[in-house]
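Asks: Same order as they appear, the protein sequences are chains A and B. Take the first sequence: its position 179, counting from 1, is numbered 196 in the numbering used here, and each next residue is one higher. Take the second sequence: its position 203, counting from 1, is numbered 220 in the numbering used here, and each next residue is one higher. No residue lacks a Cβ here, since even glycine has one placed at the ideal position from N, Cα and C.
2 protein chains.
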Amino acid sequence: MFNPLEALKDYIRFPSVSTDPAYAEGMKGARSYATGLLEQLGFTVEVVETELHPILLAERHGNPEWPHVVLYGHYDVQPADPFHLWTSEAFEPVVRDGRLYGRGTADNKGPTIVHMAALARVLKAQPDLPLNLTYVIEGEEEIGSPSMPKFFDRYAERLSKADFMLVSDTGSPNAEQIVITTALRGLVDFEIKLRGAKVDLHSGIHGGAVYNPLQALVEICASLHNTDGSVNVPGFYDDVLPVLDWERQELERYPETEESYRKMLDVPAFFPANGLSPLEAVRFGPTLEFNGIGGGYQGEGSKTVIPSEAFAKITCRLVANQDPVKIQQQIMDTIRERCPDAVQISVRDGGIAESYLVVPPDRPNTPADQPESLARAFKSAERSIEKSFGKAPIFLREGGSIPVIADFKKRAGLDALMIGLFTPKDNLHAPNESFDLGLMDNAIQAFEEIIKDIAGV
Amino acid sequence: MFNPLEALKDYIRFPSVSTDPAYAEGMKGARSYATGLLEQLGFTVEVVETELHPILLAERHGNPEWPHVVLYGHYDVQPADPFHLWTSEAFEPVVRDGRLYGRGTADNKGPTIVHMAALARVLKAQPDLPLNLTYVIEGEEEIGSPSMPKFFDRYAERLSKADFMLVSDTGSPNAEQIVITTALRGLVDFEIKLRGAKVDLHSGIHGGAVYNPLQALVEICASLHNTDGSVNVPGFYDDVLPVLDWERQELERYPETEESYRKMLDVPAFFPANGLSPLEAVRFGPTLEFNGIGGGYQGEGSKTVIPSEAFAKITCRLVANQDPVKIQQQIMDTIRERCPDAVQISVRDGGIAESYLVVPPDRPNTPADQPESLARAFKSAERSIEKSFGKAPIFLREGGSIPVIADFKKRAGLDALMIGLFTPKDNLHAPNESFDLGLMDNAIQAFEEIIKDIAGV
């Protein structure tokens with residue numbers, strides 16, 4: 018009845034690019050398709066209107082005493098351009114060498130289909146499964162989930178009745194070694210603009226008198242790191258918690274060496290800060306990163322101008338216990354203080370996102386009040402994944418951010434069991450995105466077990 | 018017979034944008050028009066073919082014993098876009114409020130017409146003027162005079178028979194106060210490219226492990242100045258000559274205060290280095306300027322990437338006695354040395370241009386071997402300009418670069434008497450370029466005197 022591969026192909030064929038209004042039809046199609054699948058599984062689907070792309074809120078509820086899980090996913094995808102770099106059509110899925118190629122196969126349509134396929138199998142065998150299920154599938158994940166706050170305003174209380182959430186929107190190192198993600202980094206986003214003269218100046222006629230905004234910009238930006246690569250903003254590391262031994266031990270099982278990682282990135286050398294190894298630094302350490310800097314002449318060759326303006330787009334990744342609001346303020350204050358008087362500065366403070374941390378059961382830092390159902394789900398995941406993949410999962414913090422996960426915790430009190438189903442080979446957000454069909458099969462099998470364990474059947 | 022205003026209008030109507038092949042017809046038209054004017058004045062015109070835009074080499078030679086002056090100008094203009102910022106058509110000259118508006122009116126067609134009109138008057142009164150005249154009017158000044166080296170290969174010896182050159186391609190502060198330019202800054206141009214990973218990286222997944230090329234770039238660039246604004250490259254200032262008292266005294270007569278200059282540029286404050294005032298710094302000091310920096314995301318909002326590449330376009334303005342080849346090498350070495358191992362650097366060394374210095378007669382640093390004819394021309398210019406403009410000219414070094422002037426000196430041994438005929442109000446290289454018609458009249462009158470004085474009649 019539920020053919021996972023065909024379902025995924027059909028789902029991919031709807032080009033649901035949330036950021037581009039030209040894809041409105043694709044968004045609508047993907048939403049309807051997901052709605053159909055959920056209804057087929059016995060869910061009652063509510064299409065929650067938002068200012069942009071509606072959110073699917075689907076429920077299959079029975080006895081309130083049953084365990085209750087929220088499943089989260091998103092039906093939107095990243096833009097597929099540059100299209101000419103795709104070997105096959107981005108929105109016409111094709112199987113090659115055991116992988117399904119197409120935009121959204123791994124992020125996040127494949128994992129969504131995995132959950133649904135597992136559920137379909139469980140429900141087929143046991144239509145009266147004693148498990149309350151709530152699906153939240155949003156259409157704005159790739160653009161920062163702007164409608165989720167209002168969604169929480171309306172539905173947080175209802176969601177808070179669940180025990181925890183199940184999410185597969187994180188990564189694993191390869192198709193054999195699954196990672197259960199125990200933390201996500203937070204994010205602080207801002208942009209500095211410096212302005213010198215009111216117009217670009219001739220560097221011959223006026224060069225020497227004025228503070229070139231690009232010069233002031235590089236000086237301010239260069240001051241934001243120490244020579245050892247650590248962030249040079251007072252207070253930045255104040256609230257960072259130490260890395261625990263069990264976390265380092267889990268990382269040791271990670272199937273990547275520094276050298277294999279270096280070769281993969283093709284960098285001459287690493288530059289981790291604070292005594293962390295490169296593999297630790299991307300998971301356990303906070304960062305301050307220049308995402309874009311610009312000003313002055315951008316074309317070929319040279320142009321002898323002193324630009325009027327310059328900008329730097331900066332984001333920080335924050336680890337558990339760092340407060341993004343406080344960090345944002347500290348950085349703003351530092352930058353303003355370091356800006357010379359001869360240029361004008363303006364700062365756009367963009368979004369912030371809280372970091373998120375969930376500790377598996379039986380660790381030294383497991384919260385004493387961890388819900389029993391969540392502890393059981395963690396243990397089931399460990400056991401089921403080892404069974405279907407042949408290797409126990411690694412419990413590991415991850416460097417990326419999924420702001421909505423922290424929001425589910427903050428707004429509805431739900432922790433997340435995050436089982437990573439995409440791998441570096443999947444080319445997320447890039448041309449030739451694909452999803453490993455072997456991993457897909459194993460994952461469906463594992464989730465079948467996990468769902469049954471959660472239901473206690 | 019020679020109506021200067023009408024001649025200039027006709028000249029402007031040929032859109033001679035040298036950088037854009039779409040203006041080939043305009044280039045051809047301007048060239049023919051200038052040729053016609055020269056022939057009308059009795060010159061024999063040779064159209065010297067180049068790889069791009071031909072150079073006009075025109076001669077009116079008589080007795081080899083007569084004084085011999087080279088007049089230099091260019092018939093090409095800067096692009097006129099953005100066109101929508103022009104009040105009237107860029108290539109349809111219009112007089113408003115005593116100014117002629119149109120691309121090229123000030124740079125350099127107006128000054129060329131001034132020279133020709135003065136010559137026409139002198140030759141009308143005295144057709145057998147005992148003065149050998151050579152015109153060099155090139156068509157690639159606005160794109161860096163790439164054909165001049167080959168031109169010198171072929172004609173330097175012939176040009177070297179002249180006594181000096183007369184140039185009006187520099188500026189004066191306003192239409193009443195003429196500046197005779199005594200120096201031009203040299204130029205060193207280069208671009209740094211830094212490369213980290215082979216592709217842009219996700220700042221969440223990989224942030225913390227690698228050296229962001231933008232971070233390395235801002236750190237290298239920030240290291241190139243000291244906190245007082247001086248250039249932090251070993252040896253950079255080694256060959257800079259001290260500013261002499263007479264130069265500072267001339268500058269005191271310059272009709273601009275620091276405050277009026279600051280208001281004009283609309284900067285919050287100045288930032289001159291090495292103890293120079295802002296007005297001194299742009300004339301007497303060398304610079305290292307960031308003309309363009311870029312890397313990573315350039316659009317609206319934010320994108321959480323660690324860019325693969327970053328670049329900085331840098332030029333230095335050099336003052337008299339600084340060797341551009343040596344400086345370029347010093348900077349390259351410094352930058353490579355300061356580049357961290359975790360990124361790859363490549364450097365494009367662009368063009369260089371020598372600085373140029375000519376000292377008027379009777380100064381403490383006037384060369385003992387200054388040709389008598391040049392000394393006479395300087396004195397005539399001082400006298401004639403004071404007579405027609407009502408104010409003695411200021412002898413002043415200028416911040417801009419005209420590489421071809423240093424080349425005339427180096428290749429043909431010719432010093433230049435540079436009488437500045439455009440002003441800041443003229444909007445050079447910008448929309449609504451114009452030329453002051455009052456200044457034009459006074460200048461024609463002054464040049465009439467100067468030409469007669471040089472001829473000794």
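Grab me the residues of residue 165 of chain B's own chain with a C-beta within less than 7 Å of its C-beta, minus the 5 sequence neighbours each way, in chain order.
Replies: As a position in the second sequence, residue 165 of chain B is number 148, starting the count at 1. If we look at residue 165 of chain B and ignore the five residues flanking it on each side, its Cβ neighbours are 155, 421, 424.
Asks: If we require 4 or more residues per run, which alpha helix (DSSP H) segments fall completely within the stretch 106 to 164 of chain A?
Replies: List check, alpha helix (DSSP H) in window: 127 to 142.
Asks: Straight-line CA distance for residue 201 of chain A to residue 278 of chain A?
Replies: The sequence position of residue 201 of chain A within the first sequence is 184, counting from 1. The sequence position of residue 278 of chain A within the first sequence is 261, counting from 1. Distance between the alpha carbons of residue 201 of chain A and residue 278 of chain A: 20 Å.
Asks: Take residue 37 of chain A and list the residues in its own chain whose beta-carbon comes closer than 8 Å to its own, dropping the five residues that flank it on each side.
Replies: Translated into positions along the first sequence, residue 37 of chain A becomes position 20. The answer, listed in chain order, is 96.
Asks: Interface residues of chain B around residue 231 of chain A at Cβ under 9 Å?
Replies: By one-based count along the first sequence, residue 231 of chain A stands at place 214. Under the 9 Å cutoff, chain B gives 238, 306, 307, 308, 309, 310, 329.
Asks: Under the DSSP definition of a beta bridge, which residues are partnered with residue 34 of chain A?
Replies: In the first sequence, residue 34 of chain A corresponds to position 17, counting from 1. DSSP output for residue 34 of chain A lists A:94 as bridge partner(s).
Asks: Tell me the rounded alpha-carbon separation between residue 352 of chain A and residue 237 of chain A.
Replies: Taking the first sequence and counting its residues from 1, one reaches residue 352 of chain A at position 335. Taking the first sequence and counting its residues from 1, one reaches residue 237 of chain A at position 220. Each residue's alpha carbon lies about 7 Å from the other.
Asks: Does residue 40 of chain A get closer than 8 Å to chain B when you measure Cβ to Cβ?
Replies: Your numbering for residue 40 of chain A matches position 23 in the first sequence. Answer no: the Cβ-Cβ gap between residue 40 of chain A and chain B never drops below 8 Å.
Asks: In or out: residue 101 of chain A buried (at least 16 other Cβ within 10 Å) or exposed?
Replies: As a first step, residue 101 of chain A must be located in the first sequence, where it is residue number 84. Result: exposed.
Asks: Examine the Cβ distances between the stretch 452 to 459 of chain B and the stretch 114 to 123 of chain B and report whether three or more of them are shorter than 8 Å.
Replies: Flag = yes, the stretch 452 to 459 of chain B and the stretch 114 to 123 of chain B touch.
Asks: Excluding the 5 residues preceding and the 5 following residue 130 of chain A in the sequence, name in chain order all residues of the same chain whose CB lies nearer than 7 Å to its CB.
Replies: In the first sequence, counting from the first residue as 1, residue 130 of chain A sits at position 113. So the list reads 21, 24, 25, 28, once near-sequence residues are dropped.
Asks: Over the uninterrupted alpha helix (DSSP H) stretch that includes residue 209 of chain B, give me the two end residues.
Replies: Locating residue 209 of chain B in the second sequence gives position 192, counting from the first residue. Taken as a continuous stretch (DSSP letters only), residue 209 of chain B belongs to no alpha helix (DSSP H), being part of the beta strand (DSSP E) at 203 to 212.
Asks: Kindly indicate which residue of B:356, B:321, B:325 has the alpha-carbon position closest to the one of residue 311 of chain B.
Replies: Here residue 311 of chain B refers to the residue found at position 294 of the second sequence. When only C-alpha atoms are compared, the closest one is B:325.
Asks: Starting from the Cα of residue 297 of chain A, find the closest Cα among A:43, A:212, A:273, A:82 and give me that residue.
Replies: On the first sequence, position 280 is the one that residue 297 of chain A refers to. Comparing Cα-Cα distances from residue 297 of chain A to each of A:43, A:212, A:273, A:82, the minimum goes to A:273.
Asks: Would you check if the distance between the CB atom of residue 185 of chain B and the CB atom of residue 110 of chain B is smaller than 8 Å?
Replies: If you number the second sequence from 1, residue 185 of chain B lands on position 168. If you number the second sequence from 1, residue 110 of chain B lands on position 93. Not closer than 8 Å, so no.
Asks: For residue 62 of chain B, which beta-bridge partners are listed by DSSP?
Replies: As a working note, residue 62 of chain B is residue 45 in the second sequence. The partner list for residue 62 of chain B (beta bridge, DSSP) reads B:75.
Asks: What residues of chain B sit near residue 91 of chain A, judged by a beta carbon separation below 8 Å?
Replies: What you label residue 91 of chain A is simply residue 74 of the first sequence in a count that begins at 1. In chain order: nothing, as chain B lies at least about 16 Å away.
Asks: Go to residue 330 of chain B, then tell me how far its alpha helix (DSSP H) extends in each direction, as first and last residue.
Replies: Taking the second sequence and counting its residues from 1, one reaches residue 330 of chain B at position 313. Segment 326 to 335 is the beta strand (DSSP E) holding residue 330 of chain B; no alpha helix (DSSP H) there.
Asks: Report yes if the C-beta distance between residue 240 of chain A and residue 355 of chain A is below 8 Å; otherwise report no.
Replies: As a first step, residue 240 of chain A must be located in the first sequence, where it is residue number 223. As a first step, residue 355 of chain A must be located in the first sequence, where it is residue number 338. Contact: yes.
Asks: Does residue 353 of chain A come out as helix, strand or coil in the three-state DSSP assignment?
Replies: Against the first sequence, residue 353 of chain A aligns to sequence position 336. Correct three-state label for residue 353 of chain A: helix.
Asks: Would you be able to state if there are at least three C-beta pairs under 8 Å between the stretch 277 to 295 of chain A and the stretch 361 to 372 of chain A?
Replies: With a cut-off of 8 Å, the stretch 277 to 295 of chain A and the stretch 361 to 372 of chain A do not count as touching, because too few Cβ pairs lie within range.
Asks: State the Cα-Cα distance for the pair residue 142 of chain A and residue 43 of chain A, rounded to the nearest angstrom.
Replies: Locating residue 142 of chain A in the first sequence gives position 125, counting from the first residue. Locating residue 43 of chain A in the first sequence gives position 26, counting from the first residue. One C-alpha to the other measures close to 34 Å.
Asks: Could you check the C-alpha separation between residue 388 of chain B and residue 106 of chain B for me, to the nearest Å?
Replies: Taking the second sequence and counting its residues from 1, the one referred to as residue 388 of chain B is at position 371. Taking the second sequence and counting its residues from 1, the one referred to as residue 106 of chain B is at position 89. Going by the C-alpha atoms only, they are around 45 Å apart.
Asks: Quick one, which of B:69, B:58, B:56, B:93 has its alpha-carbon nearest residue 31 of chain B's?
Replies: Within the second sequence, residue 31 of chain B is the residue found at index 14, counting from 1. Minimum Cα distance to residue 31 of chain B is reached at B:93.
Asks: Which of the three DSSP states is assigned to residue 473 of chain B in this structure?
Replies: For the purposes of this step, residue 473 of chain B is taken as the residue at position 456 of the second sequence. Residue state, collapsed to three classes: coil.
Asks: Can you have a look at residue 39 of chain B and say buried or exposed, based on whether 16 or more other CB atoms are within 10 angstroms of its CB?
Replies: Position 22 of the second sequence, counting from 1, holds the residue named residue 39 of chain B. By the neighbour-count rule (16 or more Cβ atoms within 10 Å), residue 39 of chain B is not buried but exposed.
Asks: May I have the straight-line CA-CA distance separating residue 409 of chain B from residue 217 of chain A, to the nearest angstrom?
Replies: Here residue 409 of chain B is taken as the residue at index 392 of the second sequence, counted from 1. Here residue 217 of chain A is taken as the residue at index 200 of the first sequence, counted from 1. Looking at the two C-alpha atoms, the distance is approximately 32 Å.
Asks: Is the beta carbon of residue 86 of chain B closer than 8 Å to that of residue 140 of chain B?
Replies: The sequence position of residue 140 of chain B within the second sequence is 123, counting from 1. The sequence position of residue 86 of chain B within the second sequence is 69, counting from 1. Contact: no.
Asks: Within the 8 Å Cβ cut-off, does residue 280 of chain A reach chain B?
Replies: Along the first sequence, one-based indexing puts residue 280 of chain A at 263. No, its Cβ sits nowhere closer than 8 Å to a Cβ of chain B.
Asks: Work out the CA separation of residue 327 of chain B and residue 171 of chain A for me, nearest whole Å.
Replies: Position 154 of the first sequence holds residue 171 of chain A. Position 310 of the second sequence holds residue 327 of chain B. The straight-line gap from Cα to Cα measures roughly 45 Å.
Asks: Check residue 315 of chain A in the structure and name its three-state DSSP category.
Replies: Position 298 of the first sequence, counted from the first residue, corresponds to residue 315 of chain A. DSSP places residue 315 of chain A in coil when its eight states are reduced to three.
Asks: Going by the DSSP bridge assignment, what does residue 451 of chain A pair with across the sheet?
Replies: As a working note, residue 451 of chain A is residue 434 in the first sequence. Beta-bridge pairing links residue 451 of chain A to A:118.
Asks: Which class does residue 416 of chain B belong to by DSSP, given the choice of helix, strand or coil?
Replies: For the purposes of this step, residue 416 of chain B is taken as the residue at position 399 of the second sequence. Residue 416 of chain B falls in the coil class under three-state DSSP.
Asks: Find the nearest neighbour of residue 417 of chain A within the set A:209, A:400, A:374, A:405, judged by alpha-carbon distance.
Replies: The residue you call residue 417 of chain A lines up with position 400 of the first sequence. The shortest C-alpha separation from residue 417 of chain A is found at A:374.
Asks: Look at residue 434 of chain B and residue 395 of chain B and say whether their C-beta atoms are less than 8 Å apart.
Replies: Here residue 434 of chain B refers to the residue found at position 417 when the second sequence is read from its first residue. Here residue 395 of chain B refers to the residue found at position 378 when the second sequence is read from its first residue. Cβ atoms of residue 434 of chain B and residue 395 of chain B: closer than 8 Å.
Asks: Compute the distance between the beta-carbons of residue 307 of chain A and residue 232 of chain B, then report whether it is under 8 Å.
Replies: For the purposes of this step, residue 307 of chain A is taken as residue 290 along the first sequence, with counting starting at 1. For the purposes of this step, residue 232 of chain B is taken as residue 215 along the second sequence, with counting starting at 1. Their beta carbons are under 8 Å apart, which means residue 307 of chain A touches residue 232 of chain B by this criterion.
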